[in-house]
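See below for the structure under consideration.
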Amino acid sequence: MILTKSTTIFLKPESNCTSLLCNDKQSQIICGFENGQVQCCRSDALQNKLWEISCDSKISCIAHYGDLYFIGSQEGLNLVNLEGIILQEIPSDAGIQDVHVFENSIYIVDLFGRIYTLENDESQWALRPIFHELEIANIFASPQSLFIVTTDGSVQQIRDGITVWIRPLRGDFGEHILNISETETGTIIICREGHAYVDGEEEVLEIEWWKDKKCMHRHDIKHSVVSSLVVGGQIYLGCSDGVLIKADEHGTWDILVEKQYPIQNIIQFKGQIIFSWWFYLSGFDQEKEWIVEHKGIVQLLSVDSKRERMYFAGSDQNEFTDVEPIGMVDLSKPIVEIDKSELTTWFEQEEALHVEESIYESDDEMIQLLSEEEQKLYRNFDSKGNVDALLHAMNEDSSFSSFELEDGGYEDILVDLLLDSTTIRPPIPRAGEDLVIQATEGSAIVHLDASGTEDDDEQIDSISWIDHLGNTIAESYQCKVKLPIGTYRFEFRIRDKNGMWSTDSISIQIIE
């Protein structure tokens, strides 16, 4: 048995959902899709669409500021009001990657990693490039600051368009900044990966705590951070090996939970920490962990705090399957205990005929199929229970006649049927046994081998290896991957000639 929350389908889109935003004050949820469509629905009613607009390309981000929605696509930025009217279109040669909204400024990041401020001049908005002289590798944002990471590992803290702090570089061979968070009191937490800055140590994964431009603490955590969340003075860090770390402003940290897949998204609701990993959502309600399963890899989370609902979306990254629904979890309802196999019931096809449903909508429809005499007997039976008379009347109308077979007749017919039939065995994927491999100089070369896959009747149409992030890494039975220390899961996927998919997975642990 397993614990879960009440989950339903909020929207069945025609294209993969790529952006998701809740506007609590307006009771609106805005959904952007791969085909360029944008839908605004009421967040307090299922699939209640308020308006829809179309862009020329994939929607990459959606942000909210005042009475405006900023909708980014691969063609540029659209400014849309709360009624769904496009007020202005700002083209971009590189498309829009993200929009960061602050109290006094708005920053736009294009798909080349260039940064712009969005300024309003006489009711017209315009993009003004800033920090164009920097070679930007990544950008992180907190409620107070924008952090720019350059290709050499330098970090600049930006407030109101001005650099207020620059973190000094460490080591001669560069470093990789994995994640940056900032608490309400101004403590900055930097997760980094260093290369050869200490004699005899090729790589290191660390957390740094900075306060008032000074490094207060530094710890080796041995985990690669890919996501973060700040709640008051607590910091939650999601790692690529499935570890969720809880830290504080004072330099202490501990592992909160361990999963088999990377922790991609982390949000908070009324004391509950909710996070996504692979096809799952997990949360803690009164220290009890609940789980929800999705049809796709969960990539988007958004919470309507006023109505205590969480919306989530993701894709299985398989173009041969249907588009995955947008789900809604009712966070106000208590957790319930179910069998693990029931986790998928919320997104099952609603059109399926249930066993308990009647073939006929009413008794009258069934009665019309009977003869006049049978109808008369049926009504007598309905009032007197004379079932024998009804059966006798129906048998008299039967045109079937009985016959007997000679000795062995039944066996001969069965043999003939078996000889004339052709049984096709479906293929069975075999990803191999789970592995534990010792690393050499911090990593290991792993040979993935699915050559044991069963396909006696040559029914396989396509094959692929999928990594822990949902990416296709090979379309062959065997391939090699280089993995650092950690735990990983790979999926071997096959499709037969009838279009049916089957999968098998393998867990690989790289140890020191």
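The working numbering puts the first residue of the sequence shown at 8, with every later residue one more than the last. Backbone N, C-alpha and C fix where the C-beta goes; we use that ideal spot for every residue, glycine too.
Residue i versus residue j - alpha carbon distance
i, j, result
"Glu357", "His257", "Reliability of the predicted coordinates at Glu357 is poor, the pLDDT of 47 falling under 50, and the value obtained from them is presented with this limitation in mind. Cα to Cα, Glu357 sits roughly 51 Å from His257."
"Asp100", "Gly83", "7 Å"
"Gly392", "Trp353", "Because the pLDDT of Gly392 is 49, which lies under 50, any placement of that residue in the model is unreliable, and the question is left without a value."
"Phe77", "Arg316", "23 Å"
"Gly278", "Arg314", "16 Å"
"Glu331", "Gly303", "6 Å"
"Val108", "Phe276", "21 Å"
"Tyr484", "Ser348", "30 Å"
"Asp462", "Ile270", "35 Å"
"Ile298", "Val336", "11 Å"
"Ile93", "Asp159", "40 Å"
"Asp63", "His71", "21 Å"
"Ser289", "Ser283", "6 Å"
"Val233", "Glu265", "14 Å"
"Asn88", "Leu350", "38 Å"
"Ser13", "Glu344", "11 Å"
"Ile146", "Asp219", "21 Å"
"Thr539", "Arg199", "In the structure as shown, the chain starts at 8 and stops at 519, and residue 539 therefore has no counterpart that could be examined."
"Leu10", "Cys24", "27 Å"
"Met507", "Glu326", "13 Å"
"Val488", "Gly249", "19 Å"
"Ser22", "Glu519", "43 Å"
"Asn55", "Leu28", "16 Å"
"Ile36", "Ser80", "18 Å"
"Ile281", "His301", "14 Å"
"Ile242", "Thr460", "44 Å"
"Glu482", "Asp468", "11 Å"
"Asp74", "Ala320", "25 Å"
"Ser152", "Arg437", "49 Å"
"Gly240", "Lys504", "55 Å"
"Asp292", "Ile273", "15 Å"
"Tyr114", "Thr124", "5 Å"
"Gln324", "Tyr287", "15 Å"
"Gly102", "Pro491", "33 Å"
"Val305", "Leu236", "17 Å"
"Phe267", "Glu90", "Reading off the sequence, residue 267 comes out as Gln, not Phe. Looking at the two C-alpha atoms, the distance is approximately 43 Å."
"Ile435", "Ser509", "7 Å"
"Thr560", "Leu263", "It is not possible to answer for residue 560, since the shown part of the chain is limited to 8 through 519."
"Leu176", "Ser161", "6 Å"
Span of the beta strand (DSSP E) around residue i
i, result
"Val336", "Ile333 to Asp337"
"Trp172", "Ile169 to Arg174"
"Ile517", "Trp508 to Ile518"
"His183", "Glu182 to Glu189"
"Gln445", "Leu442 to Gln445"
"Ala148", "Ile143 to Ala148"
"Trp353", "First-last for Trp353: undefined, no H or E at that position."
"Arg177", "Careful: Arg177 lies outside any beta strand (DSSP E) and carries neither H nor E."
"Phe154", "Leu153 to Thr157"
"Gln164", "Val162 to Arg166"
"Phe17", "Thr14 to Leu18"
"His454", "Ser450 to Asp456"
"Arg135", "Gln131 to Ile137"
"Leu125", "Ile122 to Asp128"
"Ile345", "Val343 to Ile345"
Exposure of residue i, with buried meaning 16 or more beta-carbon neighbours within 10 Å
i, result
"Phe410", "Unreliable placement is indicated for Phe410, whose pLDDT of 45 sits below 50; the coordinate value is still reported in the next sentence. So Phe410 counts as exposed."
"Glu309", "Checking the sequence shown, residue 309 turns out to be Ser, not Glu. With 16 or more other Cβ atoms within 10 Å, it is buried."
"Phe17", "buried"
"Asp227", "exposed"
"Pro150", "exposed"
"Gly221", "Per the sequence presented here, residue 221 reads as Lys, with Gly not at that position. Exposed."
"His139", "exposed"
"Ser406", "The predicted position of Ser406 is uncertain, since its pLDDT is 45 and thus under 50; a value taken from the coordinates is nonetheless stated next. Its Cβ having fewer than 16 others within 10 Å, Ser406 is exposed."
"Gly39", "buried"
"Leu133", "It should be noted that the sequence gives Ala, not Leu, for residue 133. Counting Cβ neighbours within 10 Å, Ala133 comes out exposed, since fewer than 16 surround it."
"Asn334", "In the sequence as displayed, the identity of residue 334 is Gly instead of Asn. Buried, by the Cβ-count rule."
"Glu189", "buried"
"Arg121", "buried"
"Lys65", "buried"
"Phe154", "buried"
"Val443", "exposed"
"Val45", "buried"
Interface flag, residue i vs chain D, CB-CB below 7 Å
i, result
"Asp329", "No chain D is present in this structure, which holds just one protein chain."
* Let me know the beta strand (DSSP E) ranges lying completely inside the stretch 222 to 263, each 3 residues or longer, listed in chain order. => 232 to 238, 241 to 246 and 250 to 255
* Quick one: which unbroken alpha helix (DSSP H) runs of 4-plus residues sit fully inside the stretch 20 to 103? Chain order, please. => none
* To do: Note down, one range per segment and in chain order, each beta strand (DSSP E) of at least 3 residues found wholly within the stretch 460 to 501.
  => 467 to 473, 479 to 481 and 485 to 491
* Asked: Counting Cβ pairs, one atom from each stretch, are 3 or more of them under 8 Å apart for the stretch 455 to 471 and the stretch 490 to 499?
  -> yes
* **At least 3 beta-carbon pairs within less than 8 Å: the stretch 474 to 483 vs the stretch 502 to 513** => no
* To do: Taking only runs that begin and end inside the stretch 261 to 322, name each unbroken beta strand (DSSP E) of 3 or more residues, in chain order.
  => 270 to 276, 279 to 284, 287 to 292, 295 to 300, 304 to 311 and 316 to 322
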